[in-house]
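Numbered according to full-length UniProt numbering, the sequence shown spans residues 1 to 105.
Working notes for the structure below.
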Amino acid sequence: MSSPLFIRTTLTIPGAGTAVHVAELLPLSEEECRMVRIVEVDPSGNPVGAGIGDRHYGMDTPPQEVVPHPQTYSAFPDISSETLSAGEFQVLWERALQAFPGLNT
C-alpha cells in the first residue's frame, strides 16, 4: 500500500482570487490519487470547509473521490502546491473537526 501524501494547493482564479485546500491523498497510480480528507482554508489559514468520505461541510461542491497526483500539477498552470508533514495536516484537521463536528461521526 502506498503512503499517504499531504499537500497544500493554491488555485488562482483570474478575476476571482485564490482557493486554498490542504489534503491527505492516497496514491492510486503515478497520475491519480484517492482523496482521503480535505480542508479548505481562508487567507488566514482558518478552516472554512472540510470533507471526508461522503461528508463535507462548508464547501460549495463535494470533494472529488479521485484527483490528479501532485506530480502532475505542473500540467495545471493555475495550481501551485507544497508538501506538508502528517503532523502539519493533523493540526489543521483537528481545527476542522472543531469547526465541523459532523466530520467526526
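In this text, a Cβ means the ideal position worked out from N, Cα and C, and glycines have one as well.
Because the structure is a prediction, the values reported are computed rather than measured.
Which two residues bound the contiguous alpha helix (DSSP H) that contains residue i?
i         : result
residue 6 : Unbroken run through residue 6 is the beta strand (DSSP E), 5-13; no alpha helix (DSSP H).
Among the options, which residue has its Cα nearest to the Cα of residue i?
i          : options           : result
residue 70 : 29, 15, 13 and 14 : 29
residue 41 : 19, 24 and 55     : 19
residue 23 : 79, 43 and 92     : 92
residue 13 : 96, 79, 84 and 57 : 79
Helix or strand or just coil, what does DSSP make of residue i?
i           : result
residue 24  : strand
residue 32  : strand
residue 40  : strand
residue 47  : strand
residue 64  : coil
residue 100 : coil
residue 2   : coil
Mind checking who residue i pairs with in its DSSP beta bridge?
i          : result
residue 83 : 7
residue 69 : According to DSSP, which records beta bridges pairwise, residue 69 is partnered with nothing at all.
residue 17 : 13
residue 55 : 52
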